[in-house]
Structures are given as structure tokens and as C-alpha cells.
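> To start, I am sharing the structure in question, which I have written as C-alpha cells.
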Amino acid sequence: MVEVKNVTKVYGDKKAVDDISFTVNSGEIVGFLGPNGAGKSTTMNIITGYLSSSSGTVTVDGCEILDDPKGVKSKIGYLPEIPPLYVDMTVRKYLEFMYNLKKIKLDRDTHIDDVCRLVKISQVEDRVIKNLSKGYRQRVGLAQALLGNPPVLILDEPTVGLDPKQIIEIRNLVKSLGKKHTVILSSHILSEVQAICDRVLIISNGKIVADSPTEDLAKTLGRSDKLRVGVKGGKSAAIDLLSSIKGVNNVTKEREHSDGVIDYIVELNGDIDLREQIFYKLAEAKMPLMLMQSADPSLEEIFLKLTNDTQYNNHKGAAK
Amino acid sequence: MGAIIKRELYSYFCSPLAYVILSIFLFFSGLFFTLICLGNSTSELTYVFTNMFLVTIFLTPILCMRLMSDEKRLKTDQALLTSPVGIGEIVLGKFFSASIMYLICMSIFLIYGFVLSFFVSPKWSVILCNCLGLFLLAAAFIAIDIFLSSLTESQMIAAISGFAAGLFVYLLDNVASAVSAEIVSKALSAVSFLSHYQNFTVGLLSLADVIFFLSIIALFLFLTIRVIEKKRWS
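Written out as C-alpha cells, the structure reads:
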């Protein structure tokens, strides 16, 4: 549906986007993840035709952005980081303007009514946008993107600045939109991407550093060869005991709970299952096992690792 | 394009701007009409229209100052530029909305003509020629002011540079006569708005003057399109 090929954007001597390529299939919800200034918005602006890339091509549903910009633009609904609202207009007037601007063929009044109902702004239709709260403004921006039922939706940080209730509402809305539309959304909040998206692209310093289905991200990128083991009592004896098990590389104390339970991180030698042995060993030594879980790195940790690595590498590269 | 014209007119009339501009136009055109025509018992509108040159210099920058600059400042240009409309359509839409606004202002001259018809039968063809001249002059200034507005994100700067450009154009004849090099002086007086406009004020309709103003409009609208285009590439 959306194909981005070797896109680079250069501002002066800074590469904001550096040779990015990816494909988004029809009906997918893809999350763009990255720290601020990583190039998420720039990439989105290039796909939507707001900016031109320095090199590379963007194809949306068979139309190339340089050959047929109007064709591409009519297939995309875009909610930029700051919703492009004319604050002197009422919600209704604004949506009518956007409807005319996008040259939509659907019946105007029923279509706008439908969209308003979908994003729940019917009750503020006659209010001037200037007087609306941030949450409503965001929704009006979303409504504007949905006009004309474009096959592709591009949402740049759709939940920024909203309160928790609104965030959940918008997330559910985006999720339901994903059934009919191809959605690309950006965020710097991991849990959000985890909750909404089928696939995650992690972008850092203008480069894609990871591209995988959301559930595989932890598996493919984080090594699952660590166990968190909670033991009551024993203190240093527990460390010695755990270290003595064959296949254990290293044991570190993670933290001590107030009830005397201490969590240890047990690093295993490769992908082997030592859970039974650990259980029996501790049982023999009369040290009750209170907790045992896989210490997979959280998405946050993977994200920080990936983005820090590239920053570090780039820094190193620059220093040379 | 229609959508943009409609929106801009809506926004003029939603804010006090349209009414302020209409009142200023009404006040000064009324003042000139009363002093020159009614005061001197003449149906000759030439001097009224000559004086309208200054009013136009003053009003058009106010009319155009936010047209492009505000889009950039409020990021609404993202909606325009990611919609299936060309940049040319966007710029033309802005230009026509400001021109229509000025045309609405100028409709007051129909009433002045009507007032004159109580005393003499006015030469409507001359009045029409006067109005066409004033409209072309205003449209040329509007094109220049839209261009200036596209260069900045600040309405203030757009308006002030618009005033400066208008004043410079007004003084062009004086500059031309002060320059000693004959070629430069000739070139400057050839692009003098005032001399091209003066033909209209005396009721002379010449194709050369019409084309002069139309080319000024085309030039500055083209430059505006290039400025917006350039922003996408840099």
C-alpha cells in the first residue's frame, strides 16, 4: 500500500532522514517509534507530500508522489503533529472547507455527520475551534484526516497532550480505524505502540534500527536468557547456591523486599531451561522460592538500547 | 480554489478586519468625493481616483498580511499542501479572495455615481474605466503583498514591508527623475504604477496599461508559488 524506498532528506549538512526503506501492507497498523528529533515527522511529511525528499521514492497505492502528487494526496488522510485547524472557524464550517478542499465526491452533509459521530465531536459542531479544548481539537484534526475515507491514514503523535481517558479513547478509535484503513502512526510512547500497532518501526537518527511485528520485538531483539528468581532468606548463600548450578553464568542481586525476599537476576549460559533444577536446589537448601520469571527486557529497555546504540555509533563515527 | 476563496472571505467577515477595511475605504472615498465633487460642483471623478492610489497603498497590505504568513505560523499550510490541490490553486485562491474583498469595497462608487446622477447624467463608461484602473492597481498591490506575506511568518513584517513597497512604488517617478543615467531613469518610469494608473483616472483605457498591471500580478503570483515550492525542497 505504502512503499518508501531509499528516502533521504538533507537539511543543510544534517541528514534528518537517512536512506529509509520500508513497505506497509494494506490493512496494517504500523507504529513509528523514536525519540524526539529522530526523523519521524519528517518521514511522514515526505510520505504525505508536504516536504520533498532529497532522494528516493514514495509510492502510495501504485501512485508515485513525484509523478502524481494529487493522486497520492487524495489517498492519504494526514493528521500532523499540530492539527492544521483554522481556529476562527466553527467545527462544521472547517470540516466543510476541508471537504471542499479535498474534492470529495460523497454526499457532503451525511458524510460529515458520519465522521463527526465516529470521532465524537457532534456535540461541538457549532463551536468555534478557538474555544475548544486540546482533546477536542485533536479529534477535529482526526475528523479532517478521515474525510473522504482515504485508504491510508497517517497520524503524527495523535495522543500527545491528551488526558488518560482521551488517550484511551483515541487509541481505541485508531484501532477500530485499522480495520478499514492502512494506518501509520508515530509515537514516542512505547506502551501506546504496543497497544495499537501490528508492527513497529524503530527509528533513530534518521535511520530504521528495527522493523518487526510488535509481539516479536522482545523475542528477536532481547535475549531471553535471564531469569528473575525471588528467594526468601539465605542472602549470600543463595547467590552461591544459584551460581553452583551448571549452566548459570552469573547471579546478581536485583533488590531486597521488606518481607525478606530477595530478587536475583540469573544469567543463563545460552537458551537452556534450568527452572526445575533451580527449584529443587533451593528446596533442598530450605530456601523458599517465591518468584521465578523470565527477565525479558521490556520494550522500554530494547528501545533505549537500540536508540542509544545508534547514537553512540554515530558519535563514534563522527569522532573519527 | 473555490474552497479557499470561500474560506478566506469567511475569515475576513468573521473578524473585524473586513469591517475596518470597508469603513476606511468608505470614509476616505467619501471624503474625497464630498470635497472634490460635491464641494466643487463637478462630476469629474479624476482627482477622487488619483487620491485613491494612496488609500490602496494603505489598505492592500492590511488585506493581505495574514494570507500566507498565518498559514505558516499556525501550520495550517500542512492541510493545504497535503490536500489534492496544486500550489497554484492555493495562491490564486488567496489572490482572488483579497481581490473580491477590494471589489466589495469599490462597489461604493456605484452609489457615488448614483448621487451624481441627480445633478448630471454621469458618464458611466468613464466611471467604469476609472474603477477598472483602481481594481487593477489594487490587484497588482495584492499580488505584491501576497508575495511579501509568503516570505515571513509574521503578519506585522508582511504588512510593514507591504507599506514600504507601496510607498516605494508611489515614489518611483521621483526616483526616476533624480537618476541621471537615462536608461535607468527611463526603465524606472516605465514601471511606474502611477503613470500607468493616471491614464485610467482620466478615462483613458489603453491595452498597454491593462497588460502592465496584469503582468505585475502574474509575476508576483508566480514568485509566490516559487517561494512555497522552495520551502518544500529546502
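Which chain is which? The protein sequence lines are L and P, in order. Each residue of the first sequence is one higher than the last, beginning at 3 in the working numbering. Each residue of the second sequence is one higher than the last, beginning at 391 in the working numbering. Note that beta-carbon positions come from the ideal geometry of N, C-alpha and C, so glycine has one too. This one's a predicted model, so the numbers in the text were calculated from it and none came from an experiment.
Return the first residue and the last residue of the beta strand (DSSP E) that I84 (chain L) is part of.
Working through the first sequence from its first residue, we reach residue 84 (chain L) at position 82. Here I84 (chain L) belongs to no beta strand (DSSP E), and DSSP marks it neither H nor E.
> Scan the stretch 97-109 of chain L for residues whose Cβ lies nearer than 9 Å to a Cβ of chain P and list them as they occur along the chain.
From the stretch 97-109 of chain L, only E98, F99, M100, Y101, N102, L103, K104, K105 have a Cβ closer than 9 Å to chain P.
> I want to see whether chain L comes within less than 8 Å of G392 (chain P), judged by CB atoms only; does it?
Sequence index remark: in the second sequence, residue 392 (chain P) carries index 2 (1-based). Taking Cβ atoms only, chain L reaches closer than 8 Å to G392 (chain P), which makes this a yes.
> Counting only C-beta atoms, is W623 (chain P) closer than 8 Å to chain L at any point?
Looking up residue 623 (chain P) in the second sequence gives position 233. Cβ-Cβ to chain L under 8 Å: yes for W623 (chain P).
> Mind checking which residues open and close the beta strand (DSSP E) that includes S189 (chain L)?
Residue mapping note: residue 189 (chain L) aligns to position 187 of the first sequence, counting from 1. Note, S189 (chain L): beta strand (DSSP E), 184-189.
> Which runs of the alpha helix (DSSP H), 4 residues or longer, sit entirely within the stretch 426-479 of chain P?
List check, alpha helix (DSSP H) in window: 436-463, 467-471.
> Looking at chain P, which residues of the stretch 146-172 of chain L have a Cβ within less than 8 Å of any of its Cβ atoms?
Correct list: Q146.
> Mind checking which residues open and close the beta strand (DSSP E) that includes P215 (chain L)?
Sequence index remark: in the first sequence, residue 215 (chain L) carries index 213 (1-based). P215 (chain L) -> beta strand (DSSP E) spans 209-215.
> When burial is assigned at 16 or more other CB atoms within 10 Å of the CB, is I501 (chain P) buried or exposed?
Translated into the one-based positions of the second sequence, residue 501 (chain P) becomes position 111. So I501 (chain P) ends up on the exposed side.
> For the stretch 184-191 of chain L and the stretch 153-168 of chain L, state whether three or more C-beta atom pairs, one from each stretch, are separated by less than 8 Å.
Yes, the stretch 184-191 of chain L touches the stretch 153-168 of chain L.
> Just confirm the distance between the C-beta atoms of G143 (chain L) and L87 (chain L), as a whole number of angstroms; I'd bet it's less than 8 Å.
Translated into the one-based positions of the first sequence, residue 143 (chain L) becomes position 141. Translated into the one-based positions of the first sequence, residue 87 (chain L) becomes position 85. So it is a contact: roughly 6 Å between Cβ atoms.
> Of all the residues that make up the stretch 466-480 of chain P, which are near chain L by a beta-carbon distance shorter than 9 Å?
Against chain L - using a Cβ distance shorter than 9 Å - the residues of the stretch 466-480 of chain P are T466, D467, Q468, A469, L470, L471, T472, S473, P474, V475, G476.
> Can you pull the chain L neighbours of S405 (chain P), defined as C-beta to C-beta under 7 Å?
On the second sequence, position 15 is the one that residue 405 (chain P) refers to. Neighbours of S405 (chain P) on chain L, chain order: D90.
> What are the boundary residues of the alpha helix (DSSP H) that M3 (chain L) is part of?
As a working note, residue 3 (chain L) is residue 1 in the first sequence. M3 (chain L) -> no alpha helix (DSSP H), and no H or E assigned at all.
> Once the 5 residues before and after I49 (chain L) are set aside, which same chain residues still bring their CB inside 8 Å of it?
On the first sequence, residue 49 (chain L) is found 47 positions in, with the first residue counted as 1. Cβ within range, chain order: V4, V6, V60, V62, I67, I78, I156, I186.
> Hey, which unbroken runs of the beta strand (DSSP E) at 3 residues or more fall wholly within the stretch 118-189 of chain L?
Whole beta strand (DSSP E) segments, 3+ residues: 154-158, 184-189.
> Can you check the stretch 526-576 of chain P for any beta strand (DSSP E) of at least 3 residues that lies completely inside it and give the ranges in chain order?
Fully enclosed beta strand (DSSP E) runs of 3 or longer: not present.
> By Cβ distance below 6 Å, which residues in the same chain neighbour I274 (chain L) in space, the five residues on each side in sequence not counted?
In the first sequence, residue 274 (chain L) corresponds to position 272, counting from 1. Same-chain partners within the cutoff: G249.
> If we require 3 or more residues per run, which beta strand (DSSP E) segments fall completely within the stretch 5-91 of chain L?
Entirely contained in the stretch 5-91 of chain L, the beta strand (DSSP E) runs reaching 3 residues are, in chain order, 16-26, 31-35, 57-62, 78-81.
> By the criterion of Cβ-Cβ separation under 8 Å, what are the contact partners of G51 (chain L) in chain P?
Against the first sequence, residue 51 (chain L) aligns to sequence position 49. The answer, in chain order, is L471, T472.
> How would you call S570 (chain P), buried or exposed, if buried means at least 16 neighbouring beta carbons within 10 angstroms?
Indexing the second sequence from 1 puts residue 570 (chain P) at position 180. With fewer than 16 Cβ atoms within 10 Å of its Cβ, S570 (chain P) is classed as exposed.
> Got a sec? Which residues, its chain only, sit under 6 Å from D535 (chain P) by beta carbon, not counting five neighbours each side?
Reading the second sequence from its first residue, position 145 is the one you call residue 535 (chain P). The answer, listed in chain order, is T450, P451, C454, G552.
> Report the neighbours of I274 (chain L) on chain P: residues whose CB is nearer than 9 Å to its CB, in chain order.
By one-based count along the first sequence, residue 274 (chain L) stands at place 272. Chain P residues near I274 (chain L): none, gap ~53 Å exceeds 9 Å.
> Determine the burial state of R456 (chain P): buried for a count of at least 16 other Cβ atoms within 10 Å of its Cβ, exposed for fewer.
For the purposes of this step, residue 456 (chain P) is taken as the residue at position 66 of the second sequence. R456 (chain P) is buried by the Cβ-count criterion.
> Using C-beta distances below 8 Å, list every residue in its chain close to I477 (chain P), excluding the 5 sequence neighbours before and after it, in chain order.
In the second sequence, the residue the question calls residue 477 (chain P) occupies position 87. Taken in chain order, the residues that qualify are L471, I615, I618, E619.
> Using a Cβ distance threshold of 8 Å, determine whether the stretch 123-136 of chain L contacts the stretch 93-113 of chain L, with at least three qualifying pairs required.
Touching, per the Cβ criterion.
> Roughly how many angstroms lie between the CA atoms of Q545 (chain P) and S459 (chain P), to the nearest whole one?
In the second sequence, residue 545 (chain P) corresponds to position 155, counting from 1. In the second sequence, residue 459 (chain P) corresponds to position 69, counting from 1. C-alpha separation (whole angstroms): 6 Å.
> Kindly indicate which three-state DSSP category N310 (chain L) falls into: helix, strand or coil?
Residue 310 (chain L) sits at position 308 when you count from the first residue of the first sequence. Note: N310 (chain L) maps to helix in three-state DSSP.
> Per the contact definition of three or more C-beta pairs closer than 8 Å, is the stretch 503-511 of chain P in contact with the stretch 568-587 of chain P?
Because the criterion of three Cβ pairs below 8 Å is not met, the stretch 568-587 of chain P and the stretch 503-511 of chain P do not touch.
> Figure out for me which residue from P:R622, P:S539, P:C495, P:F417 has the closest Cα to the Cα of F403 (chain P).
As a working note, residue 403 (chain P) is residue 13 in the second sequence. Considering only alpha carbons, the answer is P:C495.
> DSSP beta-bridge partners for I264 (chain L)?
Here residue 264 (chain L) is taken as the residue at index 262 of the first sequence, counted from 1. Paired residue(s): L:V233, L:E258.
> Go to M100 (chain L), then tell me how far its alpha helix (DSSP H) extends in each direction, as first and last residue.
Here residue 100 (chain L) refers to the residue found at position 98 when the first sequence is read from its first residue. Residues 93-103.
> Give the DSSP-derived three-state secondary structure of N251 (chain L) in the structure shown.
Counted from its first residue, the first sequence places residue 251 (chain L) at position 249. Looking at N251 (chain L) - three-state DSSP - the assignment turns out to be strand.
> Can you list the residues of chain P that S76 (chain L) reaches, using a CB-CB cut of under 9 Å?
What you label residue 76 (chain L) is simply residue 74 of the first sequence in a count that begins at 1. Correct list: S473, P474.
> Taking the continuous beta strand (DSSP E) assigned at S605 (chain P), which residues delimit it?
For the purposes of this step, residue 605 (chain P) is taken as the residue at position 215 of the second sequence. No beta strand (DSSP E) holds S605 (chain P); the alpha helix (DSSP H) holding it covers 597-623.
> If I measure Cβ to Cβ from Y138 (chain L) and keep anything under 7 Å in the same chain, skipping five residues before and after, which residues do I get?
Position 136 of the first sequence holds residue 138 (chain L). Once the five neighbours on either side are set aside, the close Cβ partners of Y138 (chain L) are I123, V126.
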